[in-house]
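Asker: Structure below; questions to follow.
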Amino acid sequence: MILRRLAVSIAMLAAVSALIFVVLRLLPGDPVITRLGATPGISPAAIAELRKDAGLDDPIWVQYARWVGGMLHGDFGRSYFNQYSVTQLIGQRLPTTIELTFLSMLLAVVLAVPGALLAVRRPGGIVDRLLTTVSSAGMALPSFIVGVLLIVIFAVKWGVLPSTGFVPLGQSLGGNLKTMILPSLTLAIAAAPLLLRFLRASLLEVLAAPFIRTARGKGASGPRVLLAHALRNSLTPAVTMLGLIIGYTLGGTVIIENVFGLPGLGALAVDSVSKRDYAVLQSCVLLISSMFILTTLLVDIVTGVLDPRLRVGRRHG
Amino acid sequence: MRHRKALIATLLSAAMVLAACSSGGSGGSTTTSGGSSSSDTANQNSSTTPSGGSSDTAAATPTETPVSGGSITVGEAGGIPQLNPAIRTFAAEEILFPLLWNGLTKTDQDGKVVPDLATSWKASDDQKTWTFTLRDGVTFSDGSAFTAQDVVDTFEYYLKPTTATQEANKIATIESVKATEPNTVTFTLKAPNALFPSAIVWIKMMKMSALSTIDKDPIGTGPFVVKDFVPSDHLTLVRNDKYFGGPAPLDQIKIVATNDAASASSSLASGNLDILWALPLSNVAQYKNSDKISIVLPKTPSQWPSWEVDTTSPPFNNVKARQALAYVVDRQQVLDAAYFGEGELSPTNDPLGTSNPWFSANGLTDYSYNLNKAKELFAEAGVKAGDTLTWWGIAGSYPEWNTSGQILQASLRQIGINLKIENNDIATWVAKFYPAGKSYPGLIVPNFQSTPVEPAFSINFLLKGRCECNWDDANFTAAYNKALAEPDADKRKADWAEVQKIVNEQVPVIVPLQSNVATAVSKKITGVWVEGGGQLHLESVSLTNK
Amino acid sequence: MADIAVQTMAVAPARRRRDLVAVGAAVVLAVIIAGCMLAPWLAPYDPTVLSSARFAGPGWAHLLGTDELGRDLLSRIMFAGRTTIGIAGGAALVAMILGLVWGLGAAFARGLVDDILMRLADVTMAVPQMLLALVFVAGFGATPVKLAVIVGVLLTPVTARMIRSSVLAEKASDYYMSAVASGMGRTRLVVTEILPNVWASVGVQAAINVANAVILEASLSFIGLGIQDPDISWGLLVQWGYQNLSQSLGYVSFPALAILVTILMLNLLADQLGRTDTRRQS
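Quick mapping for you: the protein sequence lines, in order, are chains F, E and S.
Just so it is clear: in the first sequence, position 21 is 21 by the working numbering, and no numbers are missing.
Just so it is clear: in the second sequence, position 484 is 484 by the working numbering, and no numbers are missing.
Just so it is clear: in the third sequence, position 70 is 70 by the working numbering, and no numbers are missing.
Dropping the structure here:
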């Protein structure tokens, strides 16, 4: 089962890479021209030379093969713009994106789990309704607006948290977390309502199941039933959901890294769009997509482990 | 990109700036008084401006004493994309020029060309052979000695056709570079150039054998070296202890991408940023009365919007159409609305600002806003009511361009001519008119030139084959070359006046004004100055005890 | 991020709300849409005309104040809304047309074609939407029309999947079986039996798509890769307002509010439609 999923994931990656590559080669703009910054008096011959150097004259499938072949050796090629190794550019920025995604997920779980537990204590009660309304609003907010709002409140009005000035994790843990709080919170505000609603629904479902009624009948207390029985049994679907949410959060990092000036992959991707640096863009997009695909794969494996029924079921299926 | 982020500055310009470095000179002290003395200049009266300069210093009141050490953080919209000085494309990269590198010559804050790595130079009588004597005891940041051969290697790299350098125009006349003695370099030129020492201030001496690692560890001779670098995000520089001019006042300079103006200004207020370079002009006013922040402006702005048209295709192949266009620009409104009053008007459409020491108003036509004249001239050139012109701009990056376009649109509408505003991404924008020689009838292309105060390297933009306006005027070329070959400053001023007259009459480009590049600087630091073209100088910056 | 959000919301069992909510949301939306679409006639000012009253606060002369060039903010928001809503509507239309073809094709072809079509949807959905948007915008540019098509294409896979599963559900129903048994032709089957019954869920999806299109366009424009000067959209206005935050709070707030209210109303509407739909099916 895992092998099959692995194969599907790899096929998916291949397809995604081809899609990105082809779309980026469809257009007319010349990345070499942007790099020149319109140097005065440049000759067409020099431009042709630069194009050749960048490998832009080769047939598209040769370029694609070179890209994919290089990646298998960890070499993503060179930036059209500044000639830097794309592997190096990405390597510098990958940790930030991973940290941002991780912290956002952590915050989302921290917000959503207690929220869902509170909500299902009295379904339809005032707390439940309040949480449902708040989470609807939370989901409707585009993340860049949330980001701007948080900056306005915490950085501009109160001046308690910085809105820029990223500090790398290796330099200072405290300083790093300080710069990561607002962006992580922004993404968590988008992710937590999803998780909350999903967890709430599946908790309600589990709570209606016969074994919970049995546990209650045996005199187990409300909180104990919730935590020991219901939450544990809602875990599997929640993890599946988390996998999906991670995908959306990865997409969200593109915007949020730009709003907060974090040196992550998303910021690099946006920067490379404006410089027409497809060599960098294609690898960024592929890398983020593969992180998503990998997460989905991991989630599948984890839920398989968590829930033996699923494992058996799948084996049959 | 947010506003101002994708600054491809110095676009198309023969951008070079006279006022370049002013690092601690040969004194070996940590004082911040900028500029080495020019007393050891060998022969040059030729390159100095007749008066005035292109710079301004952050006013240091007597109560602020510079202190040694410390670090500052400098904000800039897009961040530094790469480190090779030869192939810079973004204006922000020029911040590094005086920090990491040296040229043979440099210009001080008064705009004078003074020695840098060369201690003296002299020209042959025909102004075609130039000999430079190099400073002794200079080492690169890796410890190796700087020699005449390094000068030759560097120039050969800059001169290679595949090196896409914006300096190409200024050094195009070099025929050969030779290390004639261990400390002497001789240049042979194809044409006389009395201003050669000022043409090469931005040719930065690199250790060419280290070119392959320049993206991580550039080897130069400047007062700072790179500590770490994430392209387009941040760059940390630390003091170079091997610097020949004595250690820089600061321990560290960090240059960060600020992404957006809002958070940048809050960072400035909270002290997370000490300097914010090239801030959006709409944000300048708010600092004017601040007790923590001052605004540093160039003394003589020499950055100018250049609205280019194709002078070889209709309608702008007709000089009357170009003159009409010059009249239809409401310069005052462009300055007030688009540039927020930050700059000075160019009523005579002159690429030299009115405060430029070489500016000469004598006999120039005043092109101040005049719809009647514009209408008349357009009619004579065959542009009638109902015709449509196109404003070909860049999307997103330059709000002042778009506002200018809208102002021009409104003015043209009053005489019945339509202006279609089309803004594209940079690659599409550039492809339409660049390289020079392309035909783009009916397009008005906003752009800007970041130039030195020296006319030789701002007006040279209009020479044939360089300006995308495709202007080819034999009288102009002759007049320009005459001025360039003239060693005497006073006679040269008369020559430049002649050049300005031709440009004024022929209107090869539209120059509505000279614009400021504004830098917000914390009052706790001193020694910041900005060249006319907007280049930021940090080499002599220090913290104060304030 | 939001498409999944809204979908969960649409199907999540929530407490019953009166139809009043749906009607209210529809009315608010109608006002916003009408206000924007009729901007050339309704807006108090020409949105491009400059004045010396820069960063004016809300007042009688300018109801929502002015921007950095003294242009009337209300008028600009109305004109920007034309672009934003136009793109969102266009995108939803594109997504619906492509989604119907794709989804119906898959549902009726079954077998290999279905597999290929659905795997194709998987592939496009494996790239976070925002990133795919970057790739497309880099590839094709960002005029309003192109943006509408790009955003529409981005929303297509989700729409196609939704349509496919609704159609499959219908096909499994008794009345469909009996219609097939009665020897009805395929086209007629689709037109008379399938479409009318999946219409409600298509409507929900359309509302969700419009909301997501608004978010995508606004996000792209906000980071500077969407709508470009001299065109304006809400996302672009938020960006500009944000740049001038220190001068005016209203400049950033009002366009942001326009986006929020529109999305919120669309979500409410989708929610209510979805619930009606669920009720009918159960």
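Note that the Cβ used here is the ideal one computed from N, Cα and C, for glycine as well.
For clarity, every value in this text was computed on a predicted model and none was experimentally measured.
With contact counted as at least three CB pairs below 8 Å, one residue from each stretch, are the segment 191-209 of chain F and the segment 225-235 of chain F in contact?
Answerer: The segment 191-209 of chain F is in contact with the segment 225-235 of chain F.
Asker: Kindly indicate if chain F contains any beta-carbon less than 8 Å away from that of alanine 126 of chain S.
Answerer: One-based indexing of the third sequence puts residue 126 of chain S at position 126. By this cut-off, alanine 126 of chain S is an interface position.
Asker: Pull out every residue of the segment 293-308 of chain F whose Cβ sits closer than 9 Å to any Cβ of chain S, in chain order.
Answerer: Ile293, Thr296
Asker: Have a look at S:Val21, S:Leu268, S:Leu245 and flag the residue whose alpha-carbon is nearest the alpha-carbon of glutamate 68 of chain S.
Answerer: In the third sequence, residue 68 of chain S corresponds to position 68, counting from 1. If we check each option's Cα against that of glutamate 68 of chain S, S:Leu245 comes out closest.
Asker: Using a Cβ cut-off of 9 Å, which residues of the segment 249-277 of chain E contact any Cβ in chain F, in chain order?
Answerer: Val256, Ala257, Thr258, Asn259, Asp260, Ala262, Ser263, Ala264, Ser265, Ser266, Ser267, Ala269, Ser270, Asn272, Leu273
Asker: If you draw a straight line from the alpha carbon of threonine 388 of chain E to that of tyrosine 440 of chain E, how long is it in whole angstroms?
Answerer: By 1-based counting over the second sequence, the position of residue 388 of chain E is 388. By 1-based counting over the second sequence, the position of residue 440 of chain E is 440. So the two alpha carbons sit approximately 14 Å from each other.
Asker: How about glycine 79 of chain E: is its C-beta nearer than 8 Å to some C-beta of chain S?
Answerer: For this step, residue 79 of chain E is matched to residue 79 along the second sequence. Chain S contact via Cβ: absent.
Asker: Taking DSSP as the reference, what is the three-state secondary structure of isoleucine 200 of chain E?
Answerer: Indexing the second sequence from 1 puts residue 200 of chain E at position 200. Coil at isoleucine 200 of chain E, not helix or strand.
Asker: Taking 8 Å as the cut-off, decide whether the C-beta atoms of aspartate 260 of chain E and glutamine 243 of chain S are in contact.
Answerer: Within the second sequence, residue 260 of chain E is the residue found at index 260, counting from 1. Within the third sequence, residue 243 of chain S is the residue found at index 243, counting from 1. Yes.
Asker: Consult DSSP for aspartate 229 of chain S and reduce its assignment to one of helix, strand or coil.
Answerer: Start at 1 with the first residue of the third sequence, and residue 229 of chain S comes out as number 229. In the structure shown, aspartate 229 of chain S sits in coil (DSSP, three-state: anything other than H, G, I, E or B).
Asker: Expressed to the nearest angstrom, what Euclidean distance is found between the alpha-carbon atoms of alanine 361 of chain E and tyrosine 367 of chain E?
Answerer: Locating residue 361 of chain E in the second sequence gives position 361, counting from the first residue. Locating residue 367 of chain E in the second sequence gives position 367, counting from the first residue. Distance between the alpha carbons of alanine 361 of chain E and tyrosine 367 of chain E: 12 Å.
Asker: Could you run through the segment 306-338 of chain E and flag, in chain order, every residue whose CB is less than 9 Å away from some CB of chain S?
Answerer: Gln333, Asp336, Ala337, Ala338
Asker: For the alpha helix (DSSP H) that alanine 106 of chain S lies in, which residues bound it at each end?
Answerer: What you label residue 106 of chain S is simply residue 106 of the third sequence in a count that begins at 1. Start and end: 73-109.
Asker: Just the chain F side, please: which residues come within less than 8 Å of valine 238 of chain S by C-beta, in chain order?
Answerer: Here residue 238 of chain S refers to the residue found at position 238 when the third sequence is read from its first residue. Under the 8 Å cutoff, chain F gives Phe144, Ile145, Val148.
Asker: Pick helix, strand or coil for threonine 31 of chain E, following the three-state DSSP scheme.
Answerer: Here residue 31 of chain E refers to the residue found at position 31 when the second sequence is read from its first residue. In this predicted model, threonine 31 of chain E has a pLDDT of only 29, less than 50, meaning its place in the structure is not dependable; the value taken from the coordinates is given anyway. Coil at threonine 31 of chain E, not helix or strand.
Asker: So that I know if they touch, is there some Cβ in chain A lying closer than 8 Å to that of isoleucine 150 of chain S?
Answerer: Of the protein chains in the structure, F, E and S, none is chain A.
Asker: Report yes if the CB atom of phenylalanine 81 of chain F is closer than 8 Å to the CB atom of lysine 275 of chain F, and no otherwise.
Answerer: Within the first sequence, numbered from 1, the residue matching residue 81 of chain F stands at position 81. Within the first sequence, numbered from 1, the residue matching residue 275 of chain F stands at position 275. For phenylalanine 81 of chain F and lysine 275 of chain F, yes; Cβs fall inside 8 Å.
Asker: Quick one, which residues of the segment 277-288 of chain E are near chain S if we go by CB-CB under 9 Å, in chain order?
Answerer: Look at the segment 277-288 of chain E: the residues with a C-beta under 9 Å from a C-beta of chain S are Pro280, Ser282, Asn283, Ala285, Gln286.
Asker: Between the alpha carbons of threonine 295 of chain F and leucine 63 of chain S, how many angstroms are there, rounded?
Answerer: Along the first sequence, read from residue 1 onward, the residue named residue 295 of chain F stands at position 295. Along the third sequence, read from residue 1 onward, the residue named residue 63 of chain S stands at position 63. Spanning the two alpha carbons is a distance of roughly 49 Å.
Asker: If you compare alpha carbons, which of E:Tyr434, E:Ser290, E:Ala262 is closest to isoleucine 153 of chain F?
Answerer: Counted from its first residue, the first sequence places residue 153 of chain F at position 153. Of the listed residues, the one whose Cα sits closest to isoleucine 153 of chain F is E:Ala262.
Asker: In the DSSP assignment, find the beta strand (DSSP E) that holds alanine 15 of chain F and state where it starts and stops.
Answerer: The residue labelled residue 15 of chain F in the question sits at position 15 within the first sequence. Taken as a continuous stretch (DSSP letters only), alanine 15 of chain F belongs to no beta strand (DSSP E), being part of the alpha helix (DSSP H) at 2-25.
Asker: Mind checking asparagine 418 of chain E: buried by the 16 CB within 10 Å criterion, or exposed?
Answerer: As a working note, residue 418 of chain E is residue 418 in the second sequence. By the 10 Å Cβ count, asparagine 418 of chain E comes out exposed.
Asker: Using a Cβ-Cβ distance under 8 Å, would aspartate 229 of chain S count as near chain E?
Answerer: By one-based count along the third sequence, residue 229 of chain S stands at place 229. With 8 Å as the cut-off, aspartate 229 of chain S counts as an interface residue toward chain E.
Asker: Just grab the DSSP bridge partners of serine 296 of chain E for me.
Answerer: Counting from 1 along the second sequence, the entry for residue 296 of chain E is found at position 296. Reading the sequence as shown, one finds valine at residue 296 of chain E and not serine. E:Thr519, per the DSSP bridge assignment.
Asker: Return helix, strand or coil for tryptophan 401 of chain E, following the three-state DSSP convention.
Answerer: Counting from one through the second sequence, the residue named residue 401 of chain E turns up at place 401. In this structure, tryptophan 401 of chain E counts as helix in the three-state DSSP scheme.
Asker: Nearest chain E C-beta to asparagine 82 of chain F closer than 8 Å, yes or no?
Answerer: For this step, residue 82 of chain F is matched to residue 82 along the first sequence. For asparagine 82 of chain F, the answer is yes, since a Cβ of chain E falls inside 8 Å of its Cβ.
Asker: So glycine 251 of chain F contacts chain S; which residues on that side make the cut at Cβ distance below 7 Å?
Answerer: Within the first sequence, the letter at position 251 stands for residue 251 of chain F. The answer, in chain order, is Met1, Pro128, Gln129, Met130, Leu131.
Asker: Check the Cβ-Cβ distances between glutamine 449 of chain E and every residue of chain F, and say whether any is below 8 Å.
Answerer: Along the second sequence, read from residue 1 onward, the residue named residue 449 of chain E stands at position 449. For glutamine 449 of chain E, the answer is no, since every Cβ of chain F falls outside 8 Å of its Cβ.
Asker: Over what stretch of residues does the alpha helix (DSSP H) that includes glutamine 323 of chain E continue unbroken?
Answerer: Along the second sequence, read from residue 1 onward, the residue named residue 323 of chain E stands at position 323. That run of the alpha helix (DSSP H) goes 319-328.
Asker: Is it a yes or a no for the segment 70-90 of chain S touching the segment 39-54 of chain S, going by three-plus beta-carbon pairs under 8 Å?
Answerer: Contact between the segment 70-90 of chain S and the segment 39-54 of chain S is present, with at least three C-beta pairs closer than 8 Å.
Asker: Please confirm if threonine 519 of chain E has its CB atom under 8 Å from at least one CB of chain F.
Answerer: Along the second sequence, one-based indexing puts residue 519 of chain E at 519. Interface annotation, threonine 519 of chain E: not in contact with chain F, CB-CB separation never under 8 Å.
Asker: Indicate whether isoleucine 95 of chain E and isoleucine 200 of chain E have their beta-carbon atoms separated by less than 8 Å.
Answerer: As a first step, residue 95 of chain E must be located in the second sequence, where it is residue number 95. As a first step, residue 200 of chain E must be located in the second sequence, where it is residue number 200. Cβ distance not < 8 Å, so isoleucine 95 of chain E and isoleucine 200 of chain E don't count as in contact.
Asker: DSSP puts leucine 389 of chain E in a beta bridge; with which residues?
Answerer: Taking the second sequence and counting its residues from 1, one reaches residue 389 of chain E at position 389. Answer is E:Leu419, bridged to leucine 389 of chain E.
Asker: From the DSSP output, in three-state form, read off phenylalanine 97 of chain E for me.
Answerer: Against the second sequence, residue 97 of chain E aligns to sequence position 97. Reduced to three states, the DSSP call for phenylalanine 97 of chain E is helix.
Asker: Can you tell which of E:Leu279, E:Tyr327, E:Thr73, E:Asp217 has the C-alpha that lies nearest to the C-alpha of asparagine 504 of chain E?
Answerer: Here residue 504 of chain E is taken as the residue at index 504 of the second sequence, counted from 1. Measuring from the Cα of asparagine 504 of chain E, the nearest candidate turns out to be E:Tyr327.
Asker: How long is the line joining the alpha carbons of alanine 148 of chain S and valine 135 of chain S, rounded to whole angstroms?
Answerer: Position 148 of the third sequence, counting from 1, holds the residue named residue 148 of chain S. Position 135 of the third sequence, counting from 1, holds the residue named residue 135 of chain S. Cα-Cα distance, rounded: 15 Å.
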